[in-house]
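**Q**
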Amino acid sequence: MLESRSRQSAEASTDAGNILTARVPRLATTELARLLDVYGLSGTFKPLSGERDQNLKVTAADGRNYVLKIANAAEPAQALAFQNAALDHIAMADQDLPVPRTVTSLAGATIVPVHHDGAVFMARLVTHLPGEPALDFRATPGFRRDAGRLAGRLDRALSSFRHSGGPTDMIWDLRHAAALDDRIHHITDPRRRAIAEKVMTDFTTHVVPAFTGLRRQVVHNDIHQNNIMRDQCSGAITGIIDFGDMVETCLVNEAAIAIAHQLYREPDVLGVASEFLSAYATAMPLEHAEVAVLFDLVKMRLLSREIIAAWRSATSDGPSPYRADISEMGWEALSRALSINPEHASEHLEKAMTALAAAPRSTSTDQHFEDLMARRRKAMGPMYKEFYQQPFMPVKGEGIWVTDTHGKRYLDAYNNVPHVGHCHPQVSDAVAKQVRAFNSNTRYPSELIVDYAERLTATLPNHLDTAMFVCSGTEANELAWRIATANTGGTGALVTDAAFHGNSTIIGALDTATLPHDRLEPWIGTVTAPRFAGAAGGNGNALSSSDYASTYAESIAGLAKRGHHPAALFVCPVFASDGLYSVPSGYLDPAIAEIRRAGGLVIADEVQTALGRTGTHYWGFQHAGLVPDIVTMGKPMGNGIPLGVVVARRSLVEGFLQTQRYFNTFGGNQVAAAAGLAVLDVIEKEKLQENALHVGTHLRENLAGLMGRHAAIGDVRGTGLFAGVEIVDGDKPSAAKARAVIEDLLTRGVLVGLTGAGRNLLKIRPPMVFSRENADMLVDALDKALARVG
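The numbering of the sequence shown is numbering that gives the first Met the number 0, which starts it at 0 and goes up by one.
(1) Name the DSSP bridge partner or partners of residue 793?
(2) Going by DSSP, what residue range makes up the beta strand (DSSP E) through residue 493?
(3) Please return the same chain residues whose Cβ sits closer than 7 Å to the Cβ of residue 447, not counting the five positions on each side in sequence.
(4) Taking contact to mean at least 3 C-beta pairs separated by less than 8 Å, is the stretch 487-501 in contact with the stretch 710-717?
(5) Kindly indicate which residue of 77, 55, 53 and 43 has the alpha-carbon position closest to the one of residue 62.
(6) Using the Cα positions of residue 613 and residue 581, report the straight-line distance between them to the nearest angstrom.
(7) Using 8 Å as the threshold, is the C-beta distance between residue 279 and residue 380 below it?
(8) Using DSSP bridges, identify the partner residues of residue 249.
(9) Indicate whether the contact test is met: 3 or more Cβ pairs, each with one atom in the stretch 273-290 and one in the stretch 341-352, closer than 8 Å.
(10) Who are the near neighbours of residue 268 in its chain, counting only those whose CB is closer than 7 Å to its CB and skipping five residues on each side?
(11) Quick one: using the 10 Å Cβ neighbour count with 16 as the cut-off for buried, is residue 119 buried or exposed?
(12) Where residue 418 and residue 457 are concerned, what is the direct C-alpha to C-alpha distance, given to the nearest angstrom?
(13) Alpha carbon to alpha carbon, how far is residue 805 from residue 252?
(14) My assumption, with CB atoms under 8 Å, is that residue 595 sits in contact with residue 463. Please give the rounded CB distance.
(15) Rounding to the nearest angstrom, what Cα-Cα distance links residue 773 and residue 410 in this structure?
(16) Assign residue 373 to one of two classes, buried (16 or more other C-beta atoms within 10 Å of its C-beta) or exposed (fewer than that).
(17) Given this structure, state the Cα-to-Cα distance separating residue 131 from residue 231, to the nearest angstrom.
(18) Is the stretch 631-643 touching the stretch 467-478, taking contact as three or more C-beta pairs under 8 Å?
(19) Can you give me the start and stop residues for the alpha helix (DSSP H) that residue 426 sits inside?
(20) Are residue 71 and residue 24 touching if we call contact CB-CB under 8 Å?
(21) In chain order, what are the residue ranges of uninterrupted alpha helix (DSSP H) at least 4 long that sit wholly in the stretch 84-111?
(22) For residue 721, does the three-state DSSP call read helix, strand or coil?
(23) Return helix, strand or coil for residue 74, following the three-state DSSP convention.
(24) What first and last residue would you give for the alpha helix (DSSP H) that runs through residue 167?
(25) Just grab the DSSP bridge partners of residue 731 for me.
(26) Runs of 4 residues minimum, wholly inside the stretch 502-543: which ones carry the alpha helix (DSSP H) assignment?
(27) Going by C-alpha to C-alpha distance, which of 184, 254 and 136 sits closest to residue 173?
(28) Of all the alpha helix (DSSP H) runs that stay within the bounds of the stretch 233-293, which reach a length of 4 or more residues?
(29) Whose C-alpha, out of 717, 731, 439 and 507, is nearest the C-alpha of residue 664?
(30) Please report the Cβ distance between residue 749 and residue 780, rounded to the nearest whole angstrom; I am assuming they are in contact, meaning their Cβ atoms lie under 8 Å.
(31) So, is residue 789 buried or exposed, given that buried needs 16 or more other C-beta atoms within 10 angstroms?
(32) What's the call for residue 605, buried or exposed, on a 16-neighbour Cβ count within 10 Å?
(33) Hey, could you find the ends of the alpha helix (DSSP H) residue 145 is sitting in?
(34) Helix or strand or just coil, what does DSSP make of residue 357?
(35) State the Cα-Cα distance for the pair residue 46 and residue 127, rounded to the nearest angstrom.
(36) Please classify residue 450: does DSSP put it in a helix, a strand, or coil?
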């Protein structure tokens, strides 16, 4: 290691001595005018900043703007050709990407030699991007996400670029950052020198050995606020400039460099990093091994700048080219980063990286699909992620089957929205009939809507007697929260530690499945899900009933310390997002008693368990032995027609209306009510709850039978037609293997999903018309998929 670091140090010394300390050209205005003649242009010049080159903004006589870049004498011509070729490649790979474009001379050259003061320098002309450096603006979460998205697009465009002229030992390349070790002594402050030595030791110990296993490609290598341009009026990013530090290196270095420079003046290190990374990953997802070293690379980039700044100040005759105020911000950011546990940081960044990232996939040969995805990205933005890494575009559904654009049929073992089967004729006919008759809102008295409310509440315990209609599960939970706070005076919420209950501002804040726990709002308390094993036997990692209740008491006490008392517990009766767990009868009673003692209500979120899904009961809360105050419903209620419902005790609704009002234009309209009634009719007529019980039992027994054949199955859990297959690698959850399994199943014509805190649980939640034959097909396909994936 010492020999390797010494060799790197020598290489970097040569690089730094030849490039960073080389003579910078200083052409006079008359010389610049003659140079511009070569391009057939005339105009005025405005000096721009540059670490080692002479850079000028050129305003041509016709009003167009350019940047004239004259490299220092030590810059190799092949390096300049490398940069130009990269810009030309970007223009072809992503023509809308806002980066400079190369300009040729009248003779067709992109690099022009310039004789000045007895030396020859190389000049280039590129287009000028409007705006001002982002360093002059306040950075916001929106800006960081925009910057991350743009950086991801840039790296995606560069991923196919190859060129032999790039630098091999650039001092700013983080792959060679260990070579800066022998310059740490230039940092004169003892405390800061100790910080530098700590960061360098961590880097050489944990990161340098990992470099050989990381992806490599050409990257910009210097995306910071002086190289990101923003419009003065709108604040929008207008582009990325200055490709002078471009190098072929580890891809993850790009994200590390950009994140490091986002940390200046920002106290929330992981929050800022996550904002950039989550958006970057929508275009260029990082691999697990890359995220594992990312935080150490961020710290190393912050340190690299300060080592080089101290070295240049100590060894140059003139003033330092590095701003002292930025150095102060850099040391502060580095100190904050060092105070964070590295493992916690990596876990946080891993979660952020997957929050918005699309499943990485190669471009397919299905041109129609690729064209559609390009149109979707342009018209609908990054909000809509692709479910699979391979093309899949369903266009027709019938019962348990889905058909894609090529006519291939898929067994749907995942979607619970078509609760009674895709395009069930009875539901479709009821909807079509009502659409032709009348559709408005619930303020107008409607026998159809009242019929539906009566039919639905008749399936519930007597105390749940009042129905209110909305359009989605999110809206249902939002209304339930308002009812709870109005009646209890509480301001706190309890949820399990990997829960999801919706997307609105309030309910989205409860998304513990995505949000790191250290970033949850202070009014949110978390409790663990009761992790009972299924086919694996024993109690898994479940606590005793009394110990489990103690976790609720602790969370409630934590809320009180933060100035909040619980208004409600939101709970999925089968803890689906946490990992799909069923609990023994009475197990939850002591925990619920803690909620009651603290004055909170119990809200059962039935979005995934309603209408007989569990097989044992019509409602999930009955399966779990809960007695809720409010029940919320969504996905399956209208078999694809948007329909959400809140059912609560009458006194709670009356208490809510004493201080608040609520109206939903489309919630429970006549068409939605017609669909809802038809769904109830089909469930009863086709005995679908009984089907869920019997077919679900058969399915889980056969899935459990695969455990002896495949070590990758850690457990099989579930109830009714809601099953989970836990995918492991040894004794650890394996999200990557689980992803590989569902991709393989797609090729075999079977749809399943992923869930669980570790995203390693195969989510099997088919329409309720799923048969024993369908179950056997699924098990056979999974057997083959696991044999292939390993």
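Every residue gets a Cβ at the ideal spot worked out from N, C-alpha and C, and that includes glycine.
**A** The relevant details are as follows:
(1) Because the chain spans 0 through 789 in this model, residue 793 falls outside it and cannot be assessed.
(2) 491-495
(3) 669, 672 and 673
(4) no
(5) 43
(6) 10 Å
(7) no
(8) 215
(9) yes
(10) 262, 335, 336 and 339
(11) exposed
(12) 20 Å
(13) Since the first residue of the chain shown is 0 and the last is 789, residue 805 is not available in this structure.
(14) Actually they do not touch by this definition, with Cβ atoms about 17 Å apart.
(15) 8 Å
(16) exposed
(17) 7 Å
(18) yes
(19) 424-436
(20) yes
(21) none
(22) strand
(23) coil
(24) Per DSSP, residue 167 belongs to no alpha helix (DSSP H) and is neither H nor E.
(25) 728
(26) 504-507
(27) 254
(28) 250-261 and 268-282
(29) 439
(30) 5 Å
(31) exposed
(32) buried
(33) 140-157
(34) With a pLDDT of only 46 at residue 357, under the threshold of 50, the placement of this residue in the model should not be trusted, and no figure is reported.
(35) 13 Å
(36) helix
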